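According to mature numbering (1 follows the signal peptide of the UniProt record, and there is no 0), the sequence shown holds residues -20 to -1, 1 to 170 in order.
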Amino acid sequence: MKPAAALLFTLAAASGAATAAPQDFRLDPTHSFVHFELLHFGASTLRGRFGPLEGTLSFDRAERRGRVQVVVDTPKVSTGLAVLDARLREADMLSVEAHPQAFFVAERFDIDAQGQVTAVRGEFTLRGVGQPLELKAQRFRCYTSPLFKREVCGGDFEARFNRSAFGITHSLPFVGDSVRLLVQVEAIAQ
């Protein structure tokens, strides 16, 4: 390579790196929900979901980091059984009047050698109580959406926490303390 061409190549590469910045995404409400499971009397699994979720993601592949902010509207709890949903909204459970939203905010991303997110660690706030929470990726992928003509990143994540850590102790020990979260999200580049 001639010296002038090498210099131009170096400057182009440097300017590309200098202008690289985090890409901003917004959660797609049609593909973003959180499902929960907990053991009921040791016999079966109680399941439900929240959503659609609202939130944003900022992802910087070059720097291998990101930030995610997710808002969960707690009154939108749905188990498929209206009487149970009403019970879950009460003050000794989700306390939706006093705490109509739960939040997950994270800035610690584990990213593998191929640039794929393997875990996201941050703080989950429920009923006004914040606790550390790690979402482990079952899968994560970015692609160009044929519908939006923009990049979409998404995945399935799993986490566990004890509901008693957030002050939800009603029905213990008959209804399990350990809650399994299954989070599905897709976010569209802005």
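Note that beta-carbon positions come from the ideal geometry of N, C-alpha and C, so glycine has one too. Predicted model, so just to flag it, every value in this text is computed and none were measured.
In the structure shown, A93 falls within a coil segment according to DSSP collapsed to helix, strand and coil.
The residue from V109, G102 and S38 with its alpha-carbon nearest to that of K116 is G102. For the options V14, F146, M73 and S24, the alpha carbon positioned closest to that of E34 is the one of V14. Look at the beta carbons and you see the region 130 to 143 touching the region 156 to 166: at least three pairs across the two are nearer than 8 Å. DSSP links G31 through a beta bridge to no other residue. Ranked by Cα distance from R88, the first of L113, S125, Q118 and E131 is L113. Residue pairing from DSSP places R121 in a beta bridge opposite G134. For the region 45 to 87, the continuous alpha helix (DSSP H) assignments of 4+ residues that do not extend past its boundaries occur at 62 to 68, in sequence order. Non-local C-beta neighbours of T124 in its own chain, meaning closer than 8 Å and more than five positions away in sequence, comprise R130, E131 and V132, ordered along the chain. A check of alpha carbon separations from F104 across Q118, F83, D92 and H150 identifies F83 as the nearest. Closest in alpha carbon position to A71, among R107, G22 and S12, is R107. In this structure, F39 sits away from P9, with a CB-CB distance that is not shorter than 9 Å.
With 16 or more neighbouring CB atoms inside 10 Å of its own CB, G31 falls in the buried class. Taking the C-beta atoms as reference points, R47 is found no nearer than 9 Å to Q170. With fewer than 16 other beta carbons inside 10 angstroms of its own, T149 counts as exposed. For T105, DSSP records a beta bridge to F83 and G110.
Contact annotation, T54 with Q81: C-beta distance approximately 6 Å; criterion of less than 8 Å satisfied. Here H20 carries a strand assignment [DSSP, helix/strand/coil]. DSSP, reduced to helix, strand and coil, places T149 outside both helices and strands of the structure shown, so it counts as coil.
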